[in-house]
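Below is one structure; the comments refer to it alone.
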Amino acid sequence: MYMGKTNVCENCKFWNETGGTDEGLVGECRRNSPSPKTLEGSPDTIIRFAVWPAVGQTQWCGDYEERPMETKEILERMAVIEKLESARKAKRAS
Ligand code: SF4
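Numbering (my numbering), first residue to last: 423 to 516.
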């Protein structure tokens with residue numbers, strides 16, 4: 423089981439979650455533009471498309487950049503801090 427490392431794809435600002443498996447979440451790395459690919463379909467048909475690298479949630483690379491917290495996350499963390507601070511003050515007062 424994965425433990426501890428936080429500088430991983432799922433926390434990176436370039437991660438785009440696309441799904442999951444029994445092994446964990448899967449996403450696209452959008453650090454760079456997608457790569458063009460071709461697929462031969464029926465005769466005389468070539469399908470052209472573009473793909474981003476698929477990465478697992480615990481993978482990482484040297485281009486990692488922390489994903490900024492969203493407003494909701496910030497407010498939730500502030501509420502936890504305020505609750506802890508209130509509990510600490512109440513304990514001191516008693
Ligand atoms: S491969 Fe690197 S840049 Fe891409 S999501 Fe993972 S850590 Fe971020």
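Beta carbons: idealized from backbone N, C-alpha and C, even for Gly.
If I'm right that residue i touches residue j with Cβ under 8 Å, what's the distance once you round it to whole angstroms?
i: P475; j: C451; result: 5 Å
Is any heavy atom in the ligand ATP found nearer than 6 Å to the beta carbon of residue i?
i: V448; result: Judged by which ligands are present, the ligand ATP is missing from the structure shown, whose ligands are the ligand SF4.
For residue i, collect the residues of the same chain with a Cβ closer than 8 Å to its Cβ; drop the 5 residues on either side in sequence, then sort them by chain order.
i: E507; result: none
i: K427; result: T480 and W482
i: E487; result: C434, K435 and F436
i: R499; result: M491
Near residue i, what residues of its chain come up, given a Cβ to Cβ distance below 7 Å and the 5 sequence neighbours on each side ignored?
i: G441; result: V448
i: G463; result: I469
i: V473; result: P456, S457 and K459
i: D466; result: none
Between which two residues does the beta strand (DSSP E) carrying residue i extend?
i: R470; result: I468 to V473
i: E445; result: Note, E445: premise wrong, no beta strand (DSSP E); not H, not E.
i: K459; result: S457 to E462
In the DSSP assignment, what residue or residues form a beta bridge with residue i?
i: A476; result: E450
For residue i, which residues in the same chain have their Cβ closer than 6 Å to its Cβ, ignoring the five residues on either side in sequence?
i: W437; result: C431 and G449
i: D485; result: R453
Along the chain, where does the alpha helix (DSSP H) that runs through residue i open and close?
i: K511; result: T493 to A515
Compare the C-beta of residue i with all C-beta atoms of chain B and state if any pair is closer than 7 Å.
i: S516; result: Checking the listed chains, one finds no chain B in this structure; it contains a single protein chain.
Exercise. With a cut-off of 6 Å, give the chain-ordered residues whose Cβ is closer than this to any heavy atom of the ligand SF4.
Key: C431, C434, F436, W437, C451, R453, V477, Q481, W482, C483, D485 and Y486
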